[in-house]
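For reference, each letter of the sequence shown is one residue, going 4 to 582 in this note's numbering.
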Amino acid sequence: MRLVLTGTGASRGMALGRARLEHPSRYLVDERPLEESEVDAEAERLYRAIAIARDELQALREKLHGALAREVAEFIDAHSLMLADRELTSGLFELIRVGRYRASAALKMQRDRLVAVFEAMDDPYLRSRKEDIDHVIGRVQAGLARESSVEERKLAARVGEILVSDTVAPSELVPLAEHGVLGVVLSSGSQVSHSAILARSLHLPMIVAAHQALSHIQDDDLVLIDGERGEIVVHPAAQDLARFRAWQRELAQKGKRLALLRDADTRTLDGTPISLYANAESPADVAQARTLGAAGVGLYRTEFLFLQRKEIPSEDEQFLAYRDLVLGMGGLPVTIRTLDLGADKADASGLVMDDEENPALGVRGVRLTLRHPQILAVQLRAILRASGYGPVRILVPMVSTVEEMTSVRRLLKECARDLRSAGHEIAEHIELGAMIEVPAAAIALGGMIKSLDFVAIGTNDLIQYTLAVDRNNDHLANLYDPLHPAVLKLLAQTIATAQRAKRRVTLCGEMAGDRRYTALLLALGLTDFSMHPGLLLEVRETVNALHREPLRAQATALLRAPTRARIERVVENLKKAVG
4 MRLVLTGTGA SRGMALGRAR LEHPSRYLVD ERPLEESEVD AEAERLYRAI AIARDELQAL
64 REKLHGALAR EVAEFIDAHS LMLADRELTS GLFELIRVGR YRASAALKMQ RDRLVAVFEA
124 MDDPYLRSRK EDIDHVIGRV QAGLARESSV EERKLAARVG EILVSDTVAP SELVPLAEHG
184 VLGVVLSSGS QVSHSAILAR SLHLPMIVAA HQALSHIQDD DLVLIDGERG EIVVHPAAQD
244 LARFRAWQRE LAQKGKRLAL LRDADTRTLD GTPISLYANA ESPADVAQAR TLGAAGVGLY
304 RTEFLFLQRK EIPSEDEQFL AYRDLVLGMG GLPVTIRTLD LGADKADASG LVMDDEENPA
364 LGVRGVRLTL RHPQILAVQL RAILRASGYG PVRILVPMVS TVEEMTSVRR LLKECARDLR
424 SAGHEIAEHI ELGAMIEVPA AAIALGGMIK SLDFVAIGTN DLIQYTLAVD RNNDHLANLY
484 DPLHPAVLKL LAQTIATAQR AKRRVTLCGE MAGDRRYTAL LLALGLTDFS MHPGLLLEVR
544 ETVNALHREP LRAQATALLR APTRARIERV VENLKKAVG
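Set out below in structure tokens:
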């Protein structure tokens with residue numbers, strides 16, 4: 004019998020396949036108390052299971068390649084650090100040796116204790132990290148049971164199947180896609196979680212918060228999912244299959260259309276040139292950006308050089324990475340963001356404070372690097388040396404005051420002077436800009452703009468800070484709203500302030516690559532977008548079908564709209580600007 008379930012669409016696209024269920028908490032817990040003679044052997048079993056889990060993560064990390072390698076590695080590194088955390092492991096061995104619990108029971112008790120601690124935290128970001136506990140404990144349980152790895156169990160979902168699960172870690176998504184899994188349905192999660200963002204980059208249809216999925220879908224049920232509508236059809240009828248076939252035909256036609264745009268200009272129908280840049284963090288990203296006709300790299304993340312290592316990367320190591328980036332773009336401009344580590348990132352160098360109560364609002368970005376000016380100086384010197392090979396700009400993250408930019412600029416000038424004295428060829432002038440992601444920076448930009456050569460807007464953090472919503476918390480997902488009136492006013496104000504001061508302004512967040520917001524951003528005056536390379540052609544197609552001037556005429560109505568519903572109506576009217 005046909006059954007329709009609903010969730011939240013997290014990654015667009017449709018998929019038709021047999022369901023493969025992965026139930027949570029599937030491991031048996033042996034609650035029999037240990038005899039004294041069994042304690043050492045049981046502790047050894049747990050030690051081996053943890054070692055297996057660590058080895059699995061390391062092997063998975065070594066297999067990473069392509070444009071998403073850095074993004075996935077970040078989560079693998081976070082889980083590796085958790086396995087090395089004495090707070091987790093020492094408590095487990097104490098439960099075995101003192102409490103006489105078997106390893107499976109000790110894991111369950113430690114999991115429940117840590118999850119309770121996370122759930123009691125005031126900070127929504129930290130509450131959401133309880134999912135990491137589940138992923139790590141599940142991996143150790145798999146090793147303990149001498150079963151297949153977490154990836155292998157999830158990869159029981161074979162080519163042509165739909166994975167139905169409670170959660171999925173970002174580190175699991177790439178192998179899922181590579182093995183031909185067509186889509187993912189999760190009973191929890193949010194559309195702005197890291198897994199959802201990664202699914203969109205992979206073009207893997209995903210539905211989250213489908214709370215009835217695990218109880219109403221059986222293994223091998225034929226399932227049709229629609230990642231845009233958030234709809235799951237179990238045992239689809241003829242009309243459902245017809246809709247799917249029509250979508251497939253449309254997708255094939257779209258692919259042919261987009262292929263023709265690789266070498267096309269990005270220009271509105273009334274002649275306004277629009278610049279589409281790529282966000283990048285690996286050589287594969289850079290190659291894809293060049294292939295798809297990016298105007299340059301609008302955001303190059305440098306954290307991958309610092310993650311999961313005990314020493315800070317040297318100036319030469321960083322220089323080689325930045326030089327290769329500049330050369331890879333063949334003379335097109337690149338914007339390199341200085342280090343943006345915080346306690347929410349996996350860092351083994353000791354640079355990051357790991358005991359912050361609220362890492363999202365803590366010592367990260369420029370707040371961290373100004374505490375360690377010698378580390379910032381090394382990075383600035385490396386970037387300056389790379390500037391001798393092509394056009395480079397430097398972007399500073401998490402800026403909230405003029406004084407922060409003044410300090411960075413002073414250090415930049417000192418580094419440039421020293422390099423020239425040492426005989427290095429560097430650019431005569433290198434632009435220095437700020438990432439506007441803190442509401443205070445957006446509001447005070449008028450007084451800060453003279454200290455900036457350019458501006459970049461980071462909408463992902465700007466939205467969550469403006470609305471006090473953690474984008475990884477599925478309980479708050481409905482409140483994370485790019486169309487909130489306050490968000491649009493901050494965006495419009497930032498764009499207008501930068502343009503009045505004749506400073507270039509680029510938007511680098513998720514909104515830039517989502518064609519649903521393209522007309523809106525053009526209406527607000529934006530002309531520079533930076534996005535995942537895989538989204539460049541879609542946005543180019545959208546821009547090339549719009550008239551900009553009619554959109555700009557709607558900006559006042561857009562900003563006066565008091566509610567999201569009114570804003571949505573204005574956005575619908577913007578579609579009339581299509582040629």
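Cβ coordinates follow ideal geometry from the N, Cα and C atoms, glycine included.
Other residues of its chain near residue i: CB distance less than 7 Å, five sequence neighbours each side excluded
i	result
residue 33	105, 107 and 108
residue 483	195, 466, 467, 470, 472 and 474
residue 94	113
residue 143	52, 53, 56 and 110
Status (buried if at least 16 other CB within 10 Å, exposed otherwise) for residue i
i	result
residue 258	exposed
residue 251	exposed
residue 243	buried
residue 162	exposed
residue 559	exposed
residue 7	exposed
residue 192	buried
residue 294	exposed
residue 120	exposed
residue 530	buried
residue 330	exposed
residue 214	exposed
residue 500	buried
residue 333	exposed
Cβ of residue i within 8 Å of any chain B Cβ
i	result
residue 406	In the displayed structure, chain B is absent; only one protein chain is listed.
Rounded C-alpha distance that separates residue i from residue j
i	j	result
residue 169	residue 281	33 Å
residue 411	residue 518	35 Å
residue 5	residue 18	16 Å
residue 50	residue 146	10 Å
residue 404	residue 544	38 Å
residue 505	residue 435	14 Å
residue 101	residue 445	55 Å
residue 83	residue 511	29 Å
residue 431	residue 536	30 Å
residue 341	residue 45	47 Å
residue 166	residue 305	33 Å
residue 216	residue 98	35 Å
residue 297	residue 205	19 Å
residue 336	residue 396	8 Å
residue 2	residue 493	Since the first and last residues shown for the chain are 4 and 582, residue 2 lies out of range.
residue 454	residue 409	7 Å
residue 181	residue 552	43 Å
residue 150	residue 265	Bear in mind that a pLDDT of 47 at residue 150, under 50, signals an unreliable position, so the number given afterwards is only what the model happens to contain. Distance between the alpha carbons of residue 150 and residue 265 is about 46 Å.
residue 572	residue 556	15 Å
As assigned by DSSP and simplified to three states, the class of residue i
i	result
residue 305	coil
residue 563	helix
residue 40	helix
residue 327	helix
residue 533	strand
residue 314	coil
residue 209	strand
residue 459	strand
residue 193	coil
residue 372	helix
residue 397	strand
residue 570	helix
residue 554	helix
residue 341	coil
residue 186	strand
residue 549	strand
residue 217	helix
residue 171	coil
Contact set for residue i: own chain, Cβ-Cβ below 6 Å, skip 5 residues either direction
i	result
residue 11	194, 211, 212 and 233
residue 103	36 and 37
residue 381	318
residue 40	none
Own chain residues within Cβ distance below 8 Å of residue i, not counting five before or after
i	result
residue 514	462, 485, 520 and 524
residue 114	136, 137 and 140
residue 118	133, 136 and 137
residue 415	383, 387, 397, 433 and 435
beta-carbon residue i near the ligand MN non-hydrogen atom, thresh 7 Å
i	result
residue 60	With respect to the ligand MN, the structure offers nothing, as it holds no ligand at all.
Segments assigned beta strand (DSSP E), at least 3 residues, entirely inside the segment 400–451
Entirely contained in the segment 400–451, the beta strand (DSSP E) runs reaching 3 residues are, in chain order, 434–439.
What are the uninterrupted segments assigned as beta strand (DSSP E) that are 3 or more residues long and contained completely in the segment 225–312, given in chain order?
If we require 3 residues or more, the beta strand (DSSP E) runs fully inside the segment 225–312 come out as 225–229, 234–237, 278–283 and 300–303.
Contained beta strand (DSSP E) runs [length at least 3] in the segment 7–36, N- to C-terminal order
Listed in chain order, the beta strand (DSSP E) runs fully inside the segment 7–36 are 11–14 and 17–25, counting runs of at least 3 residues.
What alpha helix (DSSP H) runs, 4 residues minimum, are completely inside the segment 499–524?
Counting whole runs of 4 or more residues, the segment 499–524 contains no alpha helix (DSSP H) stretch at all.
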